[in-house]
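Q: Questions regarding the structure given below will be posed in turn.
Residue numbers (our numbering): 5 to 172.
Listed below in structure tokens is the structure:
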């Protein structure tokens, strides 16, 4: 808002302009105010349209961007069509067939590249050991969190030597 518009508004609100209703100066700013009001309403409608458009499109764009970013950072692992061994439900023949299939796939990998096969086996063993360790780690984390919360609730006197000096 410019100083001229401020001056116009002051003259409109001043008692002198109210006494002279036929003054041309008092009618011109009202027209300007109406035009300014209409312009502000148009800007407001445009902003509302942009906001609704952004609300519709941004979540999809963000999810696509995030998924492509994750896909680009994903390490390349050779694709192996090998399902984890399952327990037989019908009879022992299913288990024997599954073992034969695993050994044939494993021998094919060993024939192609023994280093790759060794790395794959090492990766599988690390993944399985990490997966089996998760419950133990979660239990330890929960124990630590509960111990911290218990100590936070303790309102005893702490010796000043054990308090940190704040350096602001």
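Idealized CB from N, CA, C, for every residue including glycine.
1. Just to check, is the beta-carbon of residue 127 closer than 7 Å to a non-hydrogen atom of the ligand SAH?
2. When you compare only the Cα positions, how much space is there between residue 144 and residue 163?
3. Helix, strand or coil, according to DSSP, for residue 79 in the structure here?
4. Could you spell out where the alpha helix (DSSP H) holding residue 140 opens and where it closes?
5. Roughly how many angstroms lie between the CA atoms of residue 159 and residue 152, to the nearest whole one?
6. Taking the alpha-carbon positions, what's the residue 75 to residue 69 distance?
7. How many angstroms separate the CA atom of residue 41 from the CA atom of residue 65?
A: Looking at the coordinates:
1. Because no ligand of any kind appears in the structure shown, any question about the ligand SAH cannot be addressed here.
2. Residue mapping note: residue 144 aligns to position 140 of the chain shown, counting from 1. Residue mapping note: residue 163 aligns to position 159 of the chain shown, counting from 1. Answer to the nearest angstrom: the Cα atoms are 29 Å apart.
3. The residue given as residue 79 occupies position 75 in the chain shown. It is coil, neither helix nor strand.
4. By 1-based counting over the chain shown, the position of residue 140 is 136. 118 to 157 is the extent of the alpha helix (DSSP H) around residue 140.
5. In the chain shown, the residue the question calls residue 159 occupies position 155. In the chain shown, the residue the question calls residue 152 occupies position 148. One C-alpha to the other measures close to 13 Å.
6. For the purposes of this step, residue 75 is taken as residue 71 along the chain shown, with counting starting at 1. For the purposes of this step, residue 69 is taken as residue 65 along the chain shown, with counting starting at 1. It is roughly 10 Å from the alpha-carbon of residue 75 to the alpha-carbon of residue 69.
7. Working through the chain shown from its first residue, we reach residue 41 at position 37. Working through the chain shown from its first residue, we reach residue 65 at position 61. Near 35 Å, if we compare the C-alpha coordinates of residue 65 and residue 41.
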